[in-house]
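Residue numbers (the numbering used here), protein chains in the order written: chain L, 20 to 461; chain G, 20 to 461. Worksheet: one structure, shown below.
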């Protein structure tokens with residue numbers, strides 16, 4: 020017995036994965052049956068911190084994806100290509116796949132899972148969302164008897180780190196980003212993180228699992244945190260909110276039209292008593308709401324070698340456990356093992372989820388206005404919002420900036436389309452100089 | 020195909036369980052293969068809200084535990100007997116068991132799992148800890164590759180509700196308890212909850228899973244919340260802490276003696292920035308710390324029909340999924356299905372965990388003293404603590420009560436045995452009138 024792993028990539032997460040597999044003492048005994056058989060790297064001569072025989076290394080990644088002796092291919096090279104092709108090749112060669120690659124799964128999940136179902140293999144991706152936090156497995160198993168109403172979370176550590184520091188220090192975005200880059204918490208090119216693209220990838224994956232349908236990445240509305248200012252964080256704080264970059268997937272109307280989803284990533288004012296409000300720094304958390312379980316939240320480190328490797332190896336273990344059941348079963352019958360799809364671990368949905376346009380979203384809004392300091396301005400704002408059926412929860416003149424009165428508005432729940440029309444009308448008001456920020460409120 | 024369930028008990032959780040099984044639309048399709056075959060109740064004539072044929076009901080619970088047509092027995096009657104005997108009987112008749120019964124598992128887990136391993140069946144208990152929160156399954160699967168250093172949590176909703184209201188209202192324990200009883204958040208006899216016994220049951224189960232060894236319930240040190248006063252909550256708040264009833268299991272010394280555990284349930288001063296500090300009301304949360312995953316927290320409703328039923332049915336589904344794999348495998352070979360133990364779902368450990376005595380615990384302490392208002396009192400306290408190698412982090416005279424000076428001390432991390440000896444010495448000081456409270460600090 021024993022299961023052979025082919026590791027594609029030995030970077031940070033690959034090394035963390037190898038470290039767990041090579042040091043099984045004090046961990047689950049099934050680990051001892053898993054062998055790192057081949058490791059695909061760019062340069063076999065590079066010194067490595069993990070103790071693997073030099074014969075295990077190869078630069079021929081395709082040879083690993085097709086090696087008949089390998090049971091599970093673990094893809095940790097990241098990026099779109101050759102990751103996608105290698106995953107597909109491994110699947111066609113009847114290998115189970117474990118990946119941490121959110122970008123490939125969110126873009127090519129349909130192609131990959133269709134191929135996996137045809138080949139009768141598993142594609143596991145716990146590490147693709149939330150680092151070491153078990154959230155994919157609970158969605159596929161422990162929560163699977165629920166009708167999920169929403170999945171929302173803080174799924175990008177870099178932006179949460181930046182927002183947490185902006186909040187703590189009263190600092191502006193550009194300043195904290197520069198420091199985060201210096202400290203290694205943000206990449207030199209921070210686009211994928213700060214513009215919400217990484218969070219969008221993860222949301223597409225979470226939504227697909229939670230709602231049992233495929234999701235197109237381009238259906239995820241996406242807004243990053245570049246526009247969030249120190250001023251907005253301060254005003255939000257005074258109003259009882261913390262600003263977080265949330266990824267939110269929810270049924271637009273659970274009773275009337277349960278199949279219509281809303282998918283969005285944007286900065287959000289989160290009430291301070293909400294469980295997501297106190298998730299700070301590089302931590303991630305995902306809040307699932309289902310019938311009948313209610314609210315359940317999963318919290319932990321969303322990145323890093325150790326946490327991500329924990330998720331990768333747990334996926335390897337899930338597959339190994341099933342293979343072992345099949346193997347013993349086959350031995351009992353004196354037969355060759357047959358791969359049988361585990362009903363909860365394999366992907367069963369094939370239709371695409373229907374997505375509601377953002378204009379149909381019902382939410383509260385926070386908006387900040389710079390106005391001429393003249394009587395009646397608040398009345399004008401109120402009238403314009405009223406003209407478009409947007410009712411206001413609070414209107415506060417916070418102070419003055421550059422000689423303009425600074426007015427902060429929080430609306431009641433309104434249709435986004437109506438709110439946008441009201442803003443268009445307000446922009447034409449002579450008394451209104453600028454609208455520096457508009458943020459949705461949870 | 021199809022799997023037959025025998026339900027023992029149709030109370031709150033039993034009814035919630037039946038409601039999920041009878042209404043599979045929008046949930047995982049595997050649910051449709053699960054049939055409620057028999058229901059054991061005390062009174063078959065009682066009107067029921069769930070739509071089950073009257074022929075399914077019986078008062079003969081033993082007949083369900085032994086019925087050859089039943090695949091999975093779901094024990095939801097609670098209490099020790101006849102629950103224990105029925106579970107054992109079902110196991111001996113080769114039935115898989117799902118239970119929400121923490122009391123039976125924490126006391127008779129060794130007997131039950133030994134029997135289950137001999138019979139080759141699963142005993143699943145997600146619902147026994149944390150209601151609907153997936154925590155047992157992550158400990159058995161997603162986190163199983165980690166070396167766990169600690170598991171701690173808020174696992175009793177009643178006490179957390181009481182402490183949250185005491186904090187919010189500045190009210191005393193007895194007052195809030197009476198109101199909680201009136202509102203149905205606390206039982207008429209609140210002993211199991213407020214004295215920490217329910218939390219101790221759950222901690223024994225969590226520790227056993229996290230540390231891969233059996234745990235004796237009597238090894239759990241247990242202190243309830245009756246002694247927590249409004250004054251302590253106020254002072255803790257000023258010092259930056261929230262008081263929570265925590266259940267804590269951790270390795271005493273992860274490097275030197277990893278097999279020695281500390282198991283304890285007691286009120287605890289939790290720093291406000293700690294993830295458990297903001298878990299309020301009837302919510303539960305369990306924080307797991309492992310190598311290499313770091314801190315991971317699971318949060319949700321710890322009780323109630325819906326959440327608990329979600330956990331029960333998810334366990335049923337986990338078993339059904341494995342049975343289905345075995346069934347298809349057997350069909351492929353034209354053989355009778357053989358039960359094969361899934362390496363992660365079955366219980367593999369047989370040794371008992373070694374437990375360190377409380378005197379060996381290293382922790383910080385909060386203590387409140389009523390002293391005569393005379394110069395040098397703080398010096399006397401400091402000297403006595405120093406005599407026993409307890410160093411102090413802060414000593415604050417908070418104010419006066421009944422003519423005595425009220426002094427609050429927070430220590431640095433100290434050995435509990437030393438701290439207790441210091442307290443003995445302090446009790447003999449003439450200047451010290453009383454020591455109304457001693458609470459450990461996280």
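Each residue gets a CB set at the ideal place from its N, CA and C atoms; glycine is no exception. As the structure is a prediction and not an experimental result, all values here were calculated from the model.
Pick out the complete beta strand (DSSP E) segments inside the segment 207-289 of chain G, 3 residues or longer, and give them in chain order. 260-272
Residue 337(L) CB to nearest chain G CB: under 8 angstroms? Sequence index remark: in the first chain, residue 337(L) carries index 318 (1-based). Answer yes: the Cβ-Cβ gap between residue 337(L) and chain G drops below 8 angstroms somewhere.
Which whole runs of the beta strand (DSSP E) in the segment 334-390 of chain G are 3 residues long or more, in chain order? 381-390
Check for me: the beta strand (DSSP E) holding residue 426(G) runs from which residue to which? Working through the second chain from its first residue, we reach residue 426(G) at position 407. Its beta strand (DSSP E) spans residues 423-430.
Give the residues of chain L in contact with residue 151(G), contact being defined as C-beta atoms less than 7 angstroms apart. Along the second chain, read from residue 1 onward, the residue named residue 151(G) stands at position 132. Within 7 angstroms Cβ-Cβ: 312, 313 and 315.
Note the first and the last residue of the continuous alpha helix (DSSP H) segment covering residue 198(L). For the purposes of this step, residue 198(L) is identified with residue 179 of the first chain, where counting begins at 1. Where residue 198(L) is concerned, the enclosing alpha helix (DSSP H) stretches over 192-202.
Work out the CA separation of residue 200(G) and residue 207(G) for me, nearest whole Å. Counting from one through the second chain, the residue named residue 207(G) turns up at place 188. Counting from one through the second chain, the residue named residue 200(G) turns up at place 181. Whole-angstrom Cα-Cα distance: 6 angstroms.
Same chain, Cβ closer than 8 angstroms to residue 63(L), neighbours up to 5 away in sequence not counted: Working through the first chain from its first residue, we reach residue 63(L) at position 44. Counting only Cβ-Cβ distances below 8 angstroms, and skipping sequence neighbours, we find 73, 76, 77 and 78.
Residue 28(G) and residue 95(G): beta carbons closer than 8 angstroms? Here residue 28(G) is taken as the residue at index 9 of the second chain, counted from 1. Here residue 95(G) is taken as the residue at index 76 of the second chain, counted from 1. Yes, the Cβ-Cβ distance between residue 28(G) and residue 95(G) is below 8 angstroms.
Quick check on this structure: which residue in 246(L), 88(L), 47(L) and 342(L) has the alpha carbon closest to the alpha carbon of residue 185(L)? Walking along the first chain from the start, residue 185(L) turns up at place 166. Per the Cα distances, 246(L).
Hey, residue 266(G) and residue 189(G): beta-carbon distance below 8 angstroms or not? The residue given as residue 266(G) occupies position 247 in the second chain. The residue given as residue 189(G) occupies position 170 in the second chain. Not a contact, by the Cβ cut-off of 8 angstroms.
Does the Cβ-Cβ distance between residue 52(G) and residue 24(G) come in under 8 angstroms? Looking up residue 52(G) in the second chain gives position 33. Looking up residue 24(G) in the second chain gives position 5. Not closer than 8 angstroms, so no.
Using DSSP with H/G/I as helix, E/B as strand and the rest coil, what is residue 306(G)? Numbered from 1 along the second chain, position 287 holds the residue referred to as residue 306(G). If DSSP states are grouped into helix, strand and coil, residue 306(G) belongs with the strands.
Partners in chain L for residue 344(G), counting only beta-carbon separations shorter than 9 angstroms: The sequence position of residue 344(G) within the second chain is 325, counting from 1. Residues of chain L passing the Cβ test: 341, 344, 345, 348, 359, 360, 361 and 362.
Residue 275(G) versus residue 81(G) - alpha carbon distance: Counting from one through the second chain, the residue named residue 275(G) turns up at place 256. Counting from one through the second chain, the residue named residue 81(G) turns up at place 62. So the two alpha carbons sit approximately 49 angstroms from each other.
Check each candidate in 338(G), 325(G) and 361(G) and name the one with the smallest Cα separation from residue 9(L). Since the first and last residues shown for chain L are 20 and 461, residue 9(L) lies out of range.
According to DSSP, residue 166(L) sits in a beta bridge with which residue or residues? Indexing the first chain from 1 puts residue 166(L) at position 147. The partner list for residue 166(L) (beta bridge, DSSP) reads 310(L).
List, in chain order, every chain G residue whose beta-carbon is nearer than 8 angstroms to that of residue 333(L). Residue mapping note: residue 333(L) aligns to position 314 of the first chain, counting from 1. 160, 161, 162, 163 and 164, listed in chain order.
Residues that residue 145(G) contacts on chain L, provided the C-beta gap is smaller than 9 angstroms: Mapped onto the second chain, residue 145(G) falls at position 126. Result: 161.
Short CB-CB distance (under 8 angstroms) between residue 325(G) and chain L: By 1-based counting over the second chain, the position of residue 325(G) is 306. Yes, its Cβ sits closer than 8 angstroms to a Cβ of chain L.
Comparing C-alpha positions only, which one of 356(L), 280(L) and 332(L) sits nearest to residue 343(L)? Position 324 of the first chain, counted from the first residue, corresponds to residue 343(L). Closest by alpha carbon: 356(L).
Using the rule of at least 16 other Cβ atoms within 10 Å of the residue's Cβ for burial, across every protein chain shown, is residue 353(L) buried or exposed? Within the first chain, residue 353(L) is the residue found at index 334, counting from 1. It is exposed - the Cβ of residue 353(L) has fewer than 16 other Cβ atoms within 10 Å.
Any beta carbon of chain L sitting closer than 8 angstroms to that of residue 187(G)? On the second chain, residue 187(G) is found 168 positions in, with the first residue counted as 1. Judged by the 8 angstroms Cβ criterion, residue 187(G) is not in contact with chain L.
Same chain only: Cβ atoms within 7 angstroms of residue 103(L), ignoring 5 sequence neighbours per side: By one-based count along the first chain, residue 103(L) stands at place 84. 123 and 127, listed in sequence order.
For residue 236(G), which option in 209(G), 374(G) and 93(G) has the closest C-alpha, if you only look at C-alpha atoms? Locating residue 236(G) in the second chain gives position 217, where the first residue counts as 1. Ranking 209(G), 374(G) and 93(G) by Cα distance to residue 236(G) puts 374(G) first.
Using CA coordinates, which residue listed in 232(L), 260(L) and 85(L) is at the minimum distance from residue 125(L)? Residue 125(L) sits at position 106 when you count from the first residue of the first chain. For the residues 232(L), 260(L) and 85(L), the minimum Cα distance to residue 125(L) belongs to 232(L).
What are the residues that DSSP puts in a beta bridge with residue 318(L)? Here residue 318(L) refers to the residue found at position 299 when the first chain is read from its first residue. Bridge partners of residue 318(L): 304(L) and 316(G).
Neighbourhood of residue 240(G) by C-beta, 6 angstroms cutoff - its chain only, sequence neighbours within 5 removed: Mapped onto the second chain, residue 240(G) falls at position 221. Closer than 6 angstroms at the Cβ level, and outside the excluded window around residue 240(G), lie 283 and 377.
In the DSSP assignment, the alpha helix (DSSP H) including residue 402(L) goes from what residue to what residue? For the purposes of this step, residue 402(L) is taken as residue 383 along the first chain, with counting starting at 1. Element bounds for residue 402(L): 396-406.
Completely contained alpha helix (DSSP H) runs for the segment 31-64 of chain G, where each covers 4 or more residues: 31-40
Give, in chain order, every residue of the segment 45-57 of chain G whose Cβ lies closer than 8 angstroms to some Cβ of chain L. 45, 46, 47, 48, 49 and 50
Starting from residue 89(G), trace the beta strand (DSSP E) in both directions and tell me its first and last residue. By one-based count along the second chain, residue 89(G) stands at place 70. Premise fails: residue 89(G) is in no beta strand (DSSP E) and is neither H nor E.
If we count Cβ pairs, one from each stretch, closer than 8 angstroms, do we get three or more for the segment 136-145 of chain G versus the segment 283-296 of chain G? no
Contact belief for residue 47(G) with residue 429(L) at Cβ below 8 angstroms, rounded distance in angstroms: Taking the second chain and counting its residues from 1, the one referred to as residue 47(G) is at position 28. Taking the first chain and counting its residues from 1, the one referred to as residue 429(L) is at position 410. That pair is no contact at about 39 angstroms.
Could you tell me which of 43(L), 256(L), 60(L) and 42(L) sits nearest to residue 31(L), measuring between CA atoms? Here residue 31(L) refers to the residue found at position 12 when the first chain is read from its first residue. It is 60(L).
Using the beta-carbon count (16 or more within 10 Å), is residue 147(L) buried or exposed? Here the question's residue 147(L) lines up with position 128 in the first chain. When all chains shown are included, residue 147(L) counts as buried.
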